[in-house]
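**Q** Have a look at the structure that comes next, please.
In my numbering, the protein residues as written are 243 to 301.
In C-alpha cells:
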C-alpha cells in the first residue's frame, strides 16, 4: 500500500458517518466538475507530515 492508500485511510477516518471527505488534491483534480465541495477545515493526519485541508462532498 502506497502513500495514496495511507492518505485515503486517514481522510476516511476524519469523516463523520455518511460523510464523504476529500483532500484539496482531489478538489484540484475534479475542478470543473458539477460536484459541490464544502471546506471542513485543516487537519493533521496521523503518520503524515504537515496539515491537510479536507472538504466534504455535498449532495
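We put the CB at the ideal spot given by N, CA and C, even for glycine.
1. Give a yes or no on whether the minimum CB-CB distance between residue 290 and chain C is below 8 Å.
2. Candidates 298, 287 and 297: which alpha carbon is nearest residue 249's?
3. For the beta strand (DSSP E) that residue 246 lies in, which residues bound it at each end?
4. Evaluate residue 271 with the Cβ neighbour count: other Cβ atoms within 10 Å of its Cβ, from every protein chain shown; 16 or more gives buried, anything less gives exposed.
5. What residues in its chain sit with their C-beta under 6 Å from that of residue 206, if we drop five residues either side in the sequence?
**A** Taking the structure as given:
1. Structure shown: chain C not included; a single protein chain is present.
2. Against the chain shown, residue 249 aligns to sequence position 7. Looking at the Cα atoms, 287 is the closest of the given residues.
3. Residue 246 sits at position 4 when you count from the first residue of the chain shown. Not the beta strand (DSSP E): residue 246 falls in the alpha helix (DSSP H), residues 245-256.
4. Here residue 271 is taken as the residue at index 29 of the chain shown, counted from 1. Answer is exposed; the Cβ neighbour count stays below 16.
5. The shown model of the chain, from 243 to 301, leaves out residue 206, and the question about it has no answer.
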